[in-house]
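In our numbering, the protein residues as written are 8 to 175. Report on one structure; see the data block that follows.
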């Protein structure tokens with residue numbers, strides 16, 4: 008069913024909610040894959056000949072602690088290498104780490120939000136993502152509500168995730 012918006016003179020199509028929720032799921036799976044890559048890098052640095060299998064030392068860390076610990080391990084390892092591009096390797100890895108922390112915040116925001124389906128005429132016409140945690144703007148001291156309309160066609164976080172995955 009199509010709906011015509013008289014004020015803006017465009018047609019509103021029903022939203023394919025399955026596609027939206029599928030994209031969120033795909034983002035989470037890609038994020039888990041990226042987290043596993045960090046775990047593999049860290050495990051390889053800690054135990055390069057794989058004496059202990061499966062590697063357990065990094066298993067119980069939160070995502071933030073895992074990424075931070077692997078960053079420390081990587082930077083310390085590369086600092087000990089006698090290679091020309093040592094500083095570039097460290098800088099590049101720190102860039103990947105910073106991007107992963109941004110994606111972690113985004114992932115947490117997606118997963119801890121409520122999704123409100125906006126319906127009209129029995130059809131879902133949009134989805135509003137609303138994080139129930141009210142924040143305070145540090146500059147103005149005002150309450151900030153984190154809400155946004157979920158885009159129907161764009162994969163969530165795909166360009167950022169793709170850049171980071173290519174770096175790993």
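Where is the CB? At the ideal position from N, CA and C, for every residue including glycine.
In this structure, the alpha-carbon of residue 125 lies about 18 Å from that of residue 30. When C-alpha distances from residue 72 are compared across 28, 153, 107, the shortest belongs to 107.
Ranked by Cα distance from residue 63, the first of 78, 39, 147, 47 is 47.
For residue 69, the number of other beta carbons within 10 angstroms of its own is below 16, and it is reported as exposed.
When the Cα atoms are used, residue 85 and residue 102 turn out to be separated by approximately 15 Å. In the structure shown, residue 134 adopts extended strand secondary structure according to DSSP, grouped into three states. By the Cβ-count criterion, residue 78 is buried, with 16 or more other Cβ atoms from all chains shown falling within 10 Å of its own Cβ. Secondary structure at residue 58: coil, using DSSP grouped into helix, strand and coil. Only residues of its own chain outside the window of five on either side were considered, and among them 97 have a CB closer than 6 Å to the CB of residue 82, listed in chain order. Here the alpha carbons of residue 145 and residue 130 stand approximately 39 Å from one another. Only residues of its own chain outside the window of five on either side were considered, and among them 141 have a CB closer than 7 Å to the CB of residue 152, listed in chain order.
Secondary structure within the stretch 96–127: the beta strand (DSSP E) runs of 3 or more consecutive residues, fully enclosed, are 121–127 (chain order).
For residue 155, the secondary structure class from DSSP, reduced to helix, strand or coil, is strand. Under the three-state reduction of DSSP, residue 147 is assigned to coil, being neither helix nor strand. A straight-line Cα-Cα distance of about 8 Å links residue 76 and residue 49. Residue pairing by DSSP places residue 26 in no beta bridge whatsoever.
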